[in-house]
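Student:
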Amino acid sequence: MRAASITFISLALTSAVVGNAFYHKKQFYPSVVYITKSNPSMAVIYIQALVVVVLMGKLMQKVFFGQLRAAEFEHLADRSWYAVTETCLAFTLFRDDFAPRFVAQFILLLFLKAFHWLAEDRVDFMERSPIISWIFHLRVISLMFVLSILDLYFVNHAYESTVSGGASAQIVFGFEYMILLMIVVNIGIKYVLHTIDLNSENPWDNKAVFLLYTEVVMGLFKVVLYFTFLIIMVRIFTLPLFLFRPMYYTLRSFRKAINDVILSRRAIRNMNTLYPDATPEELSAADNVCIICREEMLTASKKLPCNHIFHTSCLRSWFQRQQTCPTCRLNILRIPGERNTAANPAAGAEAQAPHAPDVPPVPHPGLQNPFVNGVFPGMFPFWQQQFNLQPPNPLPNQPHHPPGHPPQQEPSTSSGSASGPQPGLNAMPPPFPPMPPGFGLPFFYPPFPPTPMPPPFGIPPPMPPPGLAHLNDEELQRMECAAREGIAARLQCLQNIQQLLDAAVLLMQQYSNAAATAATNLVHVPLVPQMPTASAAPTAATPTSSTSSSSSNASATIPSSQPSSSTNRNTPANVKTHSSEVPSSSRSEELKASTDVKISPRSEGTPDSTATSSSPSVATGLSREQDEIRRRRLQKFSGNPEPLD
Amino acid sequence: MAGSALRRLMAEYKQLTLNPPEGIIAGPINEENFFEWEALITGPEGTCFEGGVFPAKLVFPSDYPLSPPKMQFTCEMFHPNIYADGRVCISILHAPGDDPMGYESSAERWSPVQSVEKILLSVVSMLAEPNDESGANVDAAKMWREDRNEFNRIAEKIVRKTLGLS
Chain A
1 MRAASITFIS
11 LALTSAVVGN
21 AFYHKKQFYP
31 SVVYITKSNP
41 SMAVIYIQAL
51 VVVVLMGKLM
61 QKVFFGQLRA
71 AEFEHLADRS
81 WYAVTETCLA
91 FTLFRDDFAP
101 RFVAQFILLL
111 FLKAFHWLAE
121 DRVDFMERSP
131 IISWIFHLRV
141 ISLMFVLSIL
151 DLYFVNHAYE
161 STVSGGASAQ
171 IVFGFEYMIL
181 LMIVVNIGIK
191 YVLHTIDLNS
201 ENPWDNKAVF
211 LLYTEVVMGL
221 FKVVLYFTFL
231 IIMVRIFTLP
241 LFLFRPMYYT
251 LRSFRKAIND
261 VILSRRAIRN
271 MNTLYPDATP
281 EELSAADNVC
291 IICREEMLTA
301 SKKLPCNHIF
311 HTSCLRSWFQ
321 RQQTCPTCRL
331 NILRIPGERN
341 TAANPAAGAE
351 AQAPHAPDVP
361 PVPHPGLQNP
371 FVNGVFPGMF
381 PFWQQQFNLQ
391 PPNPLPNQPH
401 HPPGHPPQQE
411 PSTSSGSASG
421 PQPGLNAMPP
431 PFPPMPPGFG
441 LPFFYPPFPP
451 TPMPPPFGIP
461 PPMPPPGLAH
471 LNDEELQRME
481 CAAREGIAAR
491 LQCLQNIQQL
501 LDAAVLLMQQ
511 YSNAAATAAT
521 NLVHVPLVPQ
531 MPTASAAPTA
541 ATPTSSTSSS
551 SSNASATIPS
561 SQPSSSTNRN
571 TPANVKTHSS
581 EVPSSSRSEE
591 LKASTDVKIS
601 PRSEGTPDST
611 ATSSSPSVAT
621 GLSREQDEIR
631 RRRLQKFSGN
641 PEPLD
Chain B
1 MAGSALRRLM
11 AEYKQLTLNP
21 PEGIIAGPIN
31 EENFFEWEAL
41 ITGPEGTCFE
51 GGVFPAKLVF
61 PSDYPLSPPK
71 MQFTCEMFHP
81 NIYADGRVCI
91 SILHAPGDDP
101 MGYESSAERW
111 SPVQSVEKIL
121 LSVVSMLAEP
131 NDESGANVDA
141 AKMWREDRNE
151 FNRIAEKIVR
161 KTLGLS
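Taken in sequence, the protein lines are chains A and B.
Residues in the first sequence are numbered consecutively from 1, following UniProt numbering.
Residues in the second sequence are numbered consecutively from 1, following UniProt numbering.
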């Protein structure tokens with residue numbers, strides 16, 4: 001009503017002014033001059049122009065939007081108020097070229113801005129209404145088209161006038177229209193996304209992600225534009241005060257967009273790594289309505305540690321805000337950490353589980369076994385056991401090894417080889433982590449028939465950890481996924497073996513050298529007589545069933561390690577110090593094993609001997625009688641020095 | 001397919017229409033916009049608000065149910081947990097991040113498990129048992145504590161007003 005009366009009054013005033021001018025001047029041109037010369041008349045004309053613009057705006061609004069919703073109107077009123085204040089601030093900056101034309105341009109800009117805001121609201125409204133008619137689409141598309149054409153035109157106009165006429169207020173307009181163009185593009189992308197979503201049969205889960213990235217990219221463009229503009233304005237004119245509020249808001253929303261993207265990525269990562277997919281059984285067992293969207297869960301659902309199940313996409317959007325279970329508010333970020341620390345023994349076993357079965361890399365343990373047991377006892381606990389269990393074990397002094405213990409020998413082995421001046425051996429990898437106690441126990445092999453090795457790697461099949469019952473689904477799955485780690489571990493293990501072989505060969509050479517050249521130095525060392533022939537001889541006559549098929553592979557593996565071992569010679573003194581550090585019995589066993597290593601490729605005819613003679617060398621934490629047996633055996637060996645001398 | 005927020009609101013509307021909880025009516029003001037609802041709450045029996053029918057407006061965010069809706073009574077209210085302009089201050093309407101009163105544990109905050117029905121039921125119980133520690137309306141909280149008779153008198157006046165009796 002008020003608007004109508006204002007329109008009417010302004011129309012009446014205008015006709016009065018124009019009529020008055022014509023009445024006085026009688027002709028067109030003089031009356032125009034008369035009106036433009038008279039300030040009151042011009043004021044009336046300006047008011048009339050404003051009214052016309054408002055009417056035009058109303059018409060456009062009717063065409064493109066129909067009835068405005070209350071929220072849209074509120075939004076519009078708020079933003080217009082800010083825009084008007086900023087425009088007034090901008091006027092102060094350009095007070096020198098303050099002209100009607102300039103004011104008209106600003107008002108036009110304001111109007112176009114208002115339409116951009118409304119278009120934005122409208123496109124957002126698409127998500128809120130179940131009824132989107134074809135006329136809605138028609139309106140939005142045509143509006144976006146018109147707005148983008150206008151923006152482009154004004155940008156172009158501003159550019160050309162700046163290029164031809166130098167820097168002026170046109171820079172401001174050009175920049176403002178650029179921003180508006182960005183907004184149109186943003187609205188367009190959103191509109192396309194919403195339309196695709198509306199027309200698809202199934203819920204489009206990734207729409208939120210697309211919207212997020214659109215937000216970031218457009219935010220980045222806007223921020224860059226604002227900063228460029230700020231710099232240009234500061235260089236040419238002065239500090240543009242009117243710019244700060246929109247710039248601040250743009251920066252803030254850009255920051256929020258980036259933050260959202262980060263949170264979203266983290267949520268997705270957590271979802272993919274930490275939580276298992278709900279199985280169909282779980283889905284059918286429980287009441288399968290996702291509590292977030294209240295729809296049935298048929299596919300793509302995740303189970304949280306607290307056993308609550310949700311749609312993957314619903315959970316992802318929620319985790320973007322909060323890292324708790326929607327139902328029970330369990331803090332899901334803290335849980336994985338807690339589980340890792342609390343369940344460390346279990347986790348350790350889990351970590352070992354993929355390794356342990358994969359560790360033995362070669363199919364013929366008959367030959368490899370000695371190296372393994374002697375040089376690197378911790379490596380192949382299963383083999384050890386396997387050989388201990390062999391029924392036809394002929395050696396009377398065969399100690400029985402508790403499988404979990406061999407790692408105790410590792411330090412001496414590695415330090416012995418690493419502290420020597422052998423550059424190649426310094427790079428020796430750290431010994432394998434010791435098996436958790438009790439871990440080796442559950443795997444034992446049935447008494448060995450002639451062809452005991454399971455194909456294809458001759459390794460024990462992945463043994464069940466001590467009781468699968470306490471592992472949850474996730475852990476089991478992780479174990480299943482360990483194939484790749486297993487291969488990596490095998491490779492690593494092969495490398496370790498090669499290095500160990502090198503070390504063993506070196507040690508052997510040192511001993512033989514020392515024995516040959518400086519027999520006097522070695523007299524007081526109990527290890528002296530352990531020459532290849534000495535150790536091999538007593539055992540050569542005791543073939544075992546398991547080693548019959550072993551020689552070919554061993555000869556393939558071992559010679560490769562020999563060339564590298566030829567150069568370094570450790571001094572006998574070095575050897576002595578090491579041997580004095582450890583109990584002489586175990587040390588000597590170990591060294592004897594290395595002599596076996598040396599022998600095996602050479603004495604092709606008796607590979608079996610190495611296999612059997614090595615088994616005693618693994619023993620460490622043993623009962624006294626076993627120690628006793630070993631000591632006796634040592635004495636026997638050391639009392640047999642004839643071949644040396 | 002419509003957005004997930006819209007689908008959930010439609011599901012809740014259907015649920016509320018099929019199984020309306022006692023004393024509560026709620027639904028979109030206009031079925032073209034499911035994000036603005038109107039609710040009518042009857043005052044719980046045996047309290048000073050008994051017999052009243054209180055209209056309220058619920059405005060849902062576009063990311064509902066990840067964020068809570070806002071609820072505002074559109075009639076005059078005098079209650080410790082309702083601001084003078086009608087906005088309702090209960091913990092389940094607050095997102096876990098913000099804590100306007102600084103006392104709510106996050107366990108009682110908004111989560112997607114909540115629904116319109118639960119909100120309205122909480123509001124009914126809030127009408128029955130005001131929490132005078134959170135002073136959305138300090139005058140009302142003070143009066144509730146110190147001068148219950150006067151509080152009841154004002155409440156009764158409001159009830160009569162909502163029924164168009166005074």
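The beta-carbon is built from N, C-alpha and C at its ideal position, and this holds for glycine as well.
Check for me: the alpha helix (DSSP H) holding residue 311(A) runs from which residue to which?
Tutor: Looking at the DSSP string, residue 311(A) is not in any alpha helix (DSSP H); the run it does join, the beta strand (DSSP E), is 309-311.
Student: Taking Cβ positions only, does residue 18(A) come closer than 8 Å to chain B?
Tutor: For residue 18(A), the answer is no, since every Cβ of chain B falls outside 8 Å of its Cβ.
Student: Counting only beta-carbon atoms, is residue 78(A) nearer than 8 Å to chain B?
Tutor: With 8 Å as the cut-off, residue 78(A) does not count as an interface residue toward chain B.
Student: Just the chain A side, please: which residues come within less than 7 Å of residue 113(B) by C-beta, in chain order?
Tutor: In chain order: 291, 326 and 327.
Student: Cα-Cα, which of 255(A), 517(A), 172(A) and 62(A) is closest to residue 93(A)?
Tutor: Of the candidates 255(A), 517(A), 172(A) and 62(A), the one whose C-alpha sits nearest the C-alpha of residue 93(A) is 172(A).
Student: Determine the chain B residues that contact residue 318(A) at a beta-carbon separation under 8 Å, and present them in chain order.
Tutor: The answer, in chain order, is 66 and 112.
Student: Would residue 150(B) pass as an interface residue toward chain A - the criterion being a Cβ-Cβ separation below 8 Å?
Tutor: Cβ-Cβ to chain A under 8 Å: no for residue 150(B).
Student: Determine the direct distance from the alpha carbon of residue 127(A) to that of residue 293(A), and round the result to whole angstroms.
Tutor: Their backbone Cα atoms lie some 15 Å apart in a straight line.
Student: Could you tell me the alpha carbon to alpha carbon distance between residue 484(A) and residue 491(A), rounded to whole angstroms?
Tutor: One C-alpha to the other measures close to 11 Å.
Student: Using 8 Å as the threshold, is the stretch 110-118 of chain B in touch with the stretch 319-327 of chain A, meaning 3 or more CB pairs across them?
Tutor: Counting Cβ pairs under 8 Å, three or more are found: they touch.
Student: CB residue 212(A) to CB residue 264(A), shorter than 8 Å?
Tutor: Contact: yes.
Student: At 8 Å on the CB atoms, spell out the chain B contacts of residue 129(A), in chain order.
Tutor: Ordered by position in chain B, the residues that pass the 8 Å Cβ test against residue 129(A) are 6, 32, 33 and 34.
Student: Can you find the residues in the same chain that come closer than 8 Å, C-beta to C-beta, to residue 193(A), ignoring five residues on each side of it along the sequence?
Tutor: The answer, listed in chain order, is 207, 210, 211 and 214.
Student: Considering only their Cβ atoms, is the gap separating residue 161(B) from residue 76(B) smaller than 8 Å?
Tutor: Against a cut-off of 8 Å, the Cβ pair of residue 161(B) and residue 76(B) comes out as a contact.
Student: Could you work out which residues of chain A lie near residue 80(B), taking near to mean beta carbons separated by less than 7 Å?
Tutor: Within 7 Å Cβ-Cβ: nothing; residue 80(B) doesn't reach chain A, min ~27 Å.
Student: Are there 16 or more other CB atoms within 10 angstroms of the CB of residue 56(A), so buried, or fewer, so exposed?
Tutor: Exposed, since its Cβ has fewer than 16 Cβ neighbours within 10 Å.
Student: Can you say whether residue 143(B) is buried or exposed, counting buried as having 16 or more other CB atoms within 10 angstroms of its CB?
Tutor: Buried: at least 16 other Cβ atoms inside 10 Å.
Student: Go ahead and label residue 502(A) buried or exposed: buried means 16 or more other beta carbons lie within 10 angstroms of its beta carbon, across all protein chains shown.
Tutor: Residue 502(A) is buried by the Cβ-count criterion.
Student: Which term fits residue 24(A), buried or exposed, when burial requires 16 or more other beta carbons within 10 angstroms of its beta carbon?
Tutor: Label assigned to residue 24(A): exposed.
Student: Taking 8 Å as the threshold (beta carbon to beta carbon), is residue 62(B) in contact with chain A?
Tutor: Answer yes: the Cβ-Cβ gap between residue 62(B) and chain A drops below 8 Å somewhere.
Student: Just to make sure I have the definition right: I need the residues of chain A whose C-beta is within less than 9 Å of the C-beta of residue 96(B). Which are they?
Tutor: Result: 321, 322, 324 and 329.
Student: Going along chain A, which residues have a C-beta under 9 Å from residue 11(B)?
Tutor: Neighbours of residue 11(B) on chain A, chain order: 293, 294 and 295.
Student: Name the one or two DSSP bridge partners that residue 500(A) has.
Tutor: Answer is none; residue 500(A) lacks a bridge partner.
Student: In chain order, which alpha helix (DSSP H) runs of at least 4 residues are fully inside the UniProt domain "RING-type" (290-329) of chain A?
Tutor: Counting only runs of 4 or more, we get 312-321.
Student: Does any CB atom of chain B fall closer than 8 Å to the CB of residue 276(A)?
Tutor: No - not a single Cβ of chain B is within 8 Å of the one on residue 276(A).
Student: Do the stretch 42-51 of chain A and the stretch 113-123 of chain A touch if we need at least three Cβ pairs shorter than 8 Å?
Tutor: No, the stretch 42-51 of chain A does not touch the stretch 113-123 of chain A.
Student: Listing by chain order, which chain B residues have their CB less than 9 Å from the CB of residue 124(A)?
Tutor: Under the 9 Å cutoff, chain B gives 62.
Student: Is DSSP giving residue 30(B) helix, strand or coil here?
Tutor: Here residue 30(B) sits in strand by DSSP.
Student: Please report the straight-line C-alpha distance between residue 321(A) and residue 66(B), rounded to a whole angstrom.
Tutor: C-alpha separation (whole angstroms): 8 Å.
Student: Helix, strand or coil: which one does DSSP assign to residue 647(A)?
Tutor: Because chain A here runs from 1 to 645, residue 647(A) falls outside it and cannot be looked at.
Student: Could you name the residues of the stretch 191-204 of chain A whose beta carbon sits closer than 9 Å to any beta carbon of chain B, in the order they occur along the chain?
Tutor: Taking 9 Å as the Cβ-Cβ cut-off against chain B, the residues of the stretch 191-204 of chain A that qualify are 194, 197, 198, 199, 200, 201, 202, 203 and 204.
Student: Locate the beta strand (DSSP E) running through residue 26(A), then write down its first and last residues.
Tutor: It is not in any beta strand (DSSP E) - residue 26(A) carries neither H nor E in the DSSP assignment.
Student: By Cβ distance, which residues of its chain are closer than 8 Å to residue 82(B), with the 5 residues on each side in sequence left out?
Tutor: So the qualifying residues of the chain are 73, 88, 89, 136, 137 and 140.
Student: When DSSP builds the beta bridges, which residues end up paired with residue 56(B)?
Tutor: The partner list for residue 56(B) (beta bridge, DSSP) reads 39(B) and 73(B).
Student: Should residue 3(B) be flagged as near chain A, meaning a C-beta pair shorter than 8 Å?
Tutor: Closer than 8 Å: yes.
Student: Could you pull the DSSP bridge partners for residue 152(B) from this structure?
Tutor: Per DSSP, none; premise fails for residue 152(B).
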